[in-house]
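Novice: In the numbering used here, the protein residues as written are 1059 to 1405.
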Ligand code: AMP
Ligand code: MG
């Protein structure tokens, strides 16, 4: 794993590219970002074009240091300051009221802006060299699995992104925790490596997100973080049985699990990502990409354990699955499945 700094000449070339309005893919500790000069609306629009992302879906502005915050935020409430001081540089994004100079292209037309100080040494080198904000979403096409290695960025964009800074495998592997500090009560918008408990240790009043394991009504949410192969979530108890059903006619099935298989099956590809949440998170997108390329007609993901440590992973998996494919013991979900489902893996 390369986590060292890059030679200054390589950083200088990337900085030059950003200044010329080009797009630069760079590593952060969460996932790889597709970076553009946040002050250049044409460059920012190019990011949306490349990703195929709707213009209303805002980007995160990456800055070198908390000191630059007031250039991007209209006000920095004490709660935001406290969180920044504790977790920056790091995998935390703060949503604040935008400063007037922040382009609406970056914020998706909103009056708020998302800001983060990443810790990855290469991201830090790039930001320091550039001296201003870099707007960057994850370096993948809209709705796809996020990239945690440079080869993933190449898979997504080929030659369309010429400058890719190589920082090795991303240490965390899941997108940042997002906290909105816009209203009186700060709110967790996206779970990540930094948990609600850790946030509350600094700012006790942070509100949690709605439970991620509650059933999603089909069509109410955009499918995200998803491989091309259909993905279903299956309880651990039924996993082998579902694999048996699906492979009965010789179809191939790919499985992402927290344990080894209990029975062998020549039609299945099995990735055991283990039972440690941090290690699983780091493996998740690599695993999904591997399984996506395995030739399977279906990806089955074993439901991950209960508990806060798994919140971010659970969130991404439930978004990657179609709602009707989320299989759990929850009677509400069972009801949803009865209405919309296809009968596989009933608990
Ligand atoms: P990505 O860059 O793919 O990690 O996605 C950026 C995330 O930040 C999205 O989920 C956005 O909804 C969120 N985000 C960015 N800006 C804002 C904002 N102004 N208000 C709320 N969420 C935001
Ligand atoms: Mg993304």
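C-beta: ideal position from N, C-alpha, C; glycine also.
Quick one: using the 10 Å Cβ neighbour count with 16 as the cut-off for buried, is residue 1112 buried or exposed?
Specialist: In the chain shown, residue 1112 corresponds to position 54, counting from 1. Residue 1112 comes out exposed.
Novice: Taking 7 Å as the limit between beta carbons, can you name the residues of its chain near residue 1204, skipping five residues before and five after?
Specialist: The count along the chain shown starts at 1 and reaches residue 1204 at position 146. Result list for residue 1204: 1089, 1196, 1198, 1233, 1283, 1343, in chain order.
Novice: Looking only at DSSP bridge pairs, what is residue 1153 linked to?
Specialist: By one-based count along the chain shown, residue 1153 stands at place 95. Note: residue 1153 sits in a beta bridge opposite 1172, 1238.
Novice: Could you tell me which whole beta strand (DSSP E) segments of length 3 or greater appear in the stretch 1281-1367?
Specialist: Fully enclosed beta strand (DSSP E) runs of 3 or longer: 1289-1292, 1311-1315, 1326-1330, 1356-1360.
Novice: If contact is defined by three or more beta carbon pairs under 8 Å, each pair taking one atom from either stretch, is the stretch 1118-1134 in contact with the stretch 1179-1198?
Specialist: yes
Novice: Taking 8 Å as the cut-off, decide whether the C-beta atoms of residue 1164 and residue 1072 are in contact.
Specialist: For this step, residue 1164 is matched to residue 106 along the chain shown. For this step, residue 1072 is matched to residue 14 along the chain shown. Contact flag unset, no.
Novice: How is the alpha helix (DSSP H) around residue 1106 delimited, first residue to last?
Specialist: As a first step, residue 1106 must be located in the chain shown, where it is residue number 48. Segment 1099-1109, the alpha helix (DSSP H) holding residue 1106.
Novice: Evaluate the contact criterion for the stretch 1161-1178 versus the stretch 1139-1147: three or more CB pairs, one atom per stretch, below 8 Å.
Specialist: Note that the stretch 1161-1178 touches the stretch 1139-1147; at least 3 beta-carbon pairs, one per stretch, sit closer than 8 Å.
Novice: Sort 1213, 1323, 1338 by Cα distance to residue 1306 and report the nearest one.
Specialist: The count along the chain shown starts at 1 and reaches residue 1306 at position 248. Checked all of 1213, 1323, 1338; the closest Cα to residue 1306 is 1323.
Novice: Whose CA, out of 1118, 1100, 1360, lies closest to the CA of residue 1238?
Specialist: Position 180 of the chain shown holds residue 1238. Closest option to residue 1238, Cα to Cα, is 1118.
Novice: Hey, residue 1183 and residue 1064: beta-carbon distance below 8 Å or not?
Specialist: Your numbering for residue 1183 matches position 125 in the chain shown. Your numbering for residue 1064 matches position 6 in the chain shown. Yes, they are a contact pair.
Novice: Please state the DSSP three-state secondary structure of residue 1068.
Specialist: Stepping through the chain shown from its first residue, residue 1068 is reached at position 10. Reduced to three states, the DSSP call for residue 1068 is helix.
Novice: How should residue 1377 be labelled, buried or exposed, when 16 other C-beta atoms within 10 angstroms of its C-beta is the threshold for buried?
Specialist: Here residue 1377 refers to the residue found at position 319 when the chain shown is read from its first residue. Buried is the call here.
Novice: I need the boundaries of the alpha helix (DSSP H) containing residue 1123, first residue and last residue.
Specialist: Reading the chain shown from its first residue, position 65 is the one you call residue 1123. Here residue 1123 belongs to no alpha helix (DSSP H), and DSSP marks it neither H nor E.
Novice: If you reduce the DSSP assignment to three classes, tell me which class residue 1382 lands in.
Specialist: Indexing the chain shown from 1 puts residue 1382 at position 324. Confidence at residue 1382 is low in this model, with a pLDDT of 48, below 50, so its placement is unreliable and no value can be given for it.
Novice: Buried or exposed for residue 1066, please, with buried defined as at least 16 other CB atoms from any protein chain shown within 10 angstroms of its CB.
Specialist: Here residue 1066 is taken as the residue at index 8 of the chain shown, counted from 1. Residue 1066 should be labelled exposed.
Novice: Taking the straight line between their C-alpha atoms, what separation do you get for residue 1290 and residue 1332?
Specialist: Along the chain shown, one-based indexing puts residue 1290 at 232. Along the chain shown, one-based indexing puts residue 1332 at 274. Distance between the alpha carbons of residue 1290 and residue 1332 is about 19 Å.
Novice: Quick check: what's the CA-CA separation for residue 1261 versus residue 1075?
Specialist: Here the question's residue 1261 lines up with position 203 in the chain shown. Here the question's residue 1075 lines up with position 17 in the chain shown. Between the C-alpha atoms of residue 1261 and residue 1075 there is a straight-line separation of about 39 Å.
Novice: Across which residues does DSSP place residue 1245 in a beta bridge pair?
Specialist: Reading the chain shown from its first residue, position 187 is the one you call residue 1245. Its beta-bridge partners are 1238, 1265.
Novice: Quick check on residue 1094: does DSSP put it in helix, strand or coil?
Specialist: Counted from its first residue, the chain shown places residue 1094 at position 36. DSSP places residue 1094 in strand when its eight states are reduced to three.
Novice: For residue 1083, which three-state DSSP category applies?
Specialist: The count along the chain shown starts at 1 and reaches residue 1083 at position 25. It is a strand residue.
Novice: In whole angstroms, give me the CA-to-CA distance for residue 1335 and residue 1364.
Specialist: Reading the chain shown from its first residue, position 277 is the one you call residue 1335. Reading the chain shown from its first residue, position 306 is the one you call residue 1364. So the two alpha carbons sit approximately 11 Å from each other.
Novice: Contact criterion: CB-CB distance below 8 Å. Does residue 1193 meet it with respect to chain D?
Specialist: Of the protein chains in the structure, only one exists, and it is not chain D.
Novice: Excluding the five sequence neighbours on either side, which residues of its own chain have a C-beta within less than 7 Å of the C-beta of residue 1115, listed in chain order?
Specialist: Counting from one through the chain shown, the residue named residue 1115 turns up at place 57. Here the set comprises 1166.
Novice: Could you tell me the alpha carbon to alpha carbon distance between residue 1246 and residue 1312, rounded to whole angstroms?
Specialist: Walking along the chain shown from the start, residue 1246 turns up at place 188. Walking along the chain shown from the start, residue 1312 turns up at place 254. Cα to Cα, the separation comes out at about 33 Å.
Novice: How many Å lie between residue 1295 and residue 1346 at the Cα?
Specialist: Within the chain shown, residue 1295 is the residue found at index 237, counting from 1. Within the chain shown, residue 1346 is the residue found at index 288, counting from 1. Their Cα atoms are separated by approximately 21 Å.
Novice: Count the other C-beta atoms from every protein chain shown that fall within 10 angstroms of the C-beta of residue 1369, then say buried if there are 16 or more, exposed otherwise.
Specialist: Taking the chain shown and counting its residues from 1, one reaches residue 1369 at position 311. Under this definition residue 1369 is a buried residue.
Novice: Taking the beta carbon of residue 1214 as the centre, do at least 16 other beta carbons fall within 10 Å, making it buried, or is it exposed?
Specialist: Counted from its first residue, the chain shown places residue 1214 at position 156. Flag for residue 1214 reads buried.
Novice: On the CB-based measure, 16 or more other CB atoms within 10 Å of its CB, does residue 1087 come out buried or exposed?
Specialist: Taking the first residue of the chain shown as position 1, residue 1087 is located at position 29. With 16 or more other Cβ atoms within 10 Å, it is buried.
Novice: Taking the CB atoms as reference points, tell me whether residue 1319 and residue 1299 lie closer together than 8 Å.
Specialist: Your numbering for residue 1319 matches position 261 in the chain shown. Your numbering for residue 1299 matches position 241 in the chain shown. Not in contact: residue 1319 and residue 1299 (Cβ atoms no closer than 8 Å).
Novice: Where does residue 1062 sit, in a helix, a strand or coil, going by DSSP?
Specialist: Stepping through the chain shown from its first residue, residue 1062 is reached at position 4. Note: residue 1062 maps to coil in three-state DSSP.
Novice: Quick one: is the Cβ of residue 1233 within less than 7 Å of any heavy atom of the ligand AMP?
Specialist: Along the chain shown, one-based indexing puts residue 1233 at 175. Annotation for residue 1233 indicates a beta carbon within 7 Å of some heavy atom of the ligand AMP.
Novice: Quick one: Cα of residue 1252 to Cα of residue 1210, how far?
Specialist: As a working mapping, residue 1252 is identified with position 194 in the chain shown. As a working mapping, residue 1210 is identified with position 152 in the chain shown. Cα-Cα distance, rounded: 24 Å.
Novice: Helix, strand or coil: which one does DSSP assign to residue 1181?
Specialist: Locating residue 1181 in the chain shown gives position 123, where the first residue counts as 1. Helix.
Novice: Would you identify the three-state DSSP class for residue 1202, choosing helix, strand or coil?
Specialist: Here the question's residue 1202 lines up with position 144 in the chain shown. Three-state result, residue 1202: strand.
Novice: Taking the continuous beta strand (DSSP E) assigned at residue 1194, which residues delimit it?
Specialist: Indexing the chain shown from 1 puts residue 1194 at position 136. Residue 1194 -> beta strand (DSSP E) spans 1192-1194.
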